Amino acid sequence: MPYLNQQEYAMYQSSDHRPKNLNLLAFNFPLNAIFSILHRISGVALIISLFGYLAVANLIWLHAEVRLSLINDHWILLCLHSLFWLAVIFHWLTGARHLLAENVFNTVWYSRLASNTSNYLILVLWLVASAFALNRIWTLS
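Take 210 as the starting number for the sequence shown in our numbering and just add one per residue.
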């Protein structure tokens with residue numbers, strides 16, 4: 210930094226020796242934290258799929274030659290449906306679990322909701338519901 214005086218230059222220097230770029234894969238996060246992060250990611254996936262649905266609606270609305278019956282079984286629309294329903298199912302299940310955990314005042318029920326058993330139950334329910342949704346989306350089209 211050639212145009213800074215000594216005091217301004219010292220302001221940008223760090224005296225601590227903490228790591229600057231942490232490898233997040235080196236940490237073992239609890240399953241509750243992973244589900245919380247995935248809950249947020251599924252919310253982002255819902256927003257992305259909403260923009261996809263708006264783009265399809267815009268395409269149908271502005272171009273008279275494009276009809277929903279013509280593009281209903283297109284692979285892009287099927288992928289959009291898949292993304293939407295996988296995200297909705299996961300977001301709903303983990304959101305319901307979070308709401309129950311925040312509003313339950315009994316410590317026994319809270320410990321049951323915060324346990325790994327409930328996390329695995331949510332995961333199994335999501336896998337079963339996702340398999341059903343993907344089967345309905347890809348076989349009925």
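Backbone N, C-alpha and C fix where the C-beta goes; we use that ideal spot for every residue, glycine too. Computed from a predicted model, the values in this text were never measured in an experiment.
Flag this pair as yes or no: are the beta carbons of residue i and residue j separated by less than 7 Å?
{"i": "N328", "j": "L233", "result": "no"}
{"i": "I346", "j": "H290", "result": "yes"}
{"i": "L286", "j": "I280", "result": "yes"}
{"i": "L322", "j": "L309", "result": "yes"}
{"i": "H300", "j": "S251", "result": "yes"}
{"i": "A242", "j": "W294", "result": "no"}
Under DSSP, the alpha helix (DSSP H) around residue i begins and ends at which residues?
{"i": "I324", "result": "Checking the sequence shown, residue 324 turns out to be Ser, not Ile. From DSSP, S324 is part of no alpha helix (DSSP H); its letter is neither H nor E."}
{"i": "F260", "result": "L240 to L271"}
Would you call residue i buried or exposed, if buried means 16 or more other Cβ atoms sit within 10 Å of its Cβ?
{"i": "I298", "result": "buried"}
{"i": "S320", "result": "exposed"}
{"i": "F260", "result": "exposed"}
{"i": "A296", "result": "buried"}
{"i": "H283", "result": "exposed"}
{"i": "F306", "result": "Just to set this straight, residue 306 is Arg in the shown sequence, not Phe. Burial call: buried."}
{"i": "W318", "result": "exposed"}
Whole angstroms are fine: how far does the CA of residue j sit from the CA of residue i?
{"i": "I257", "j": "T348", "result": "24 Å"}
{"i": "T303", "j": "L292", "result": "17 Å"}
{"i": "N325", "j": "V253", "result": "25 Å"}
{"i": "E369", "j": "A340", "result": "With the chain covering 210 to 350 only, the question about residue 369 has no answer from this structure."}
{"i": "L271", "j": "L263", "result": "12 Å"}
{"i": "N230", "j": "V275", "result": "48 Å"}
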